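Trainee: Take the sequence shown: its position 29, counted from the start at 1, is 29 in the UniProt record's numbering, and no numbers get skipped. Dumping the structure here so I can ask a few things about it.
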Amino acid sequence: MWYCFLEGSLLMEIGDKIRSFHELRGLTQDQLGKLLGIIGGTIRKYELGIRNPKQDQLIKIANGLGIGVSVFYKRE
């Protein structure tokens, strides 16, 4: 149970960062999804912490947003 809580917490942080960066760039979830070839609903699930983006998806998202993938793993 403890592991799941930590995992969920990290997923929410990743989702919050995805949202912050695409909004900063003036992109909607659907626009980001189209740019990356990912369904907009999947972006929504990442942002809500419902779905866990795999490493290759995080790299794709980071590249599309012009940031390093390590940004998603830095705890604030």
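Glycine included, C-beta positions come from ideal geometry on N, C-alpha and C. These numbers come from a predicted model, not from an experiment.
Tell me where the alpha helix (DSSP H) around L35 begins and ends.
Mentor: If you number the sequence shown from 1, residue 35 lands on position 35. That run of the alpha helix (DSSP H) goes Q29 to L36.
Trainee: Measuring only the C-alpha atoms, how far is K34 from I61?
Mentor: Along the sequence shown, one-based indexing puts residue 34 at 34. Along the sequence shown, one-based indexing puts residue 61 at 61. The alpha-carbon atoms of K34 and I61 are separated by roughly 11 angstroms.
Trainee: Between the Cα of S20 and those of P53, E47 and K74, spot the shortest distance and give me the residue it belongs to.
Mentor: Looking up residue 20 in the sequence shown gives position 20. It is E47 whose Cα lies nearest to the Cα of S20.
Trainee: Indicate whether I38 and Q29 have their beta-carbon atoms separated by less than 7 angstroms.
Mentor: Translated into the one-based positions of the sequence shown, residue 38 becomes position 38. Translated into the one-based positions of the sequence shown, residue 29 becomes position 29. No, they are not a contact pair.
Trainee: Rounded to the nearest angstrom, what separates L58 and V69 at their Cα positions?
Mentor: Numbered from 1 along the sequence shown, position 58 holds the residue referred to as residue 58. Numbered from 1 along the sequence shown, position 69 holds the residue referred to as residue 69. So the two alpha carbons sit approximately 7 angstroms from each other.
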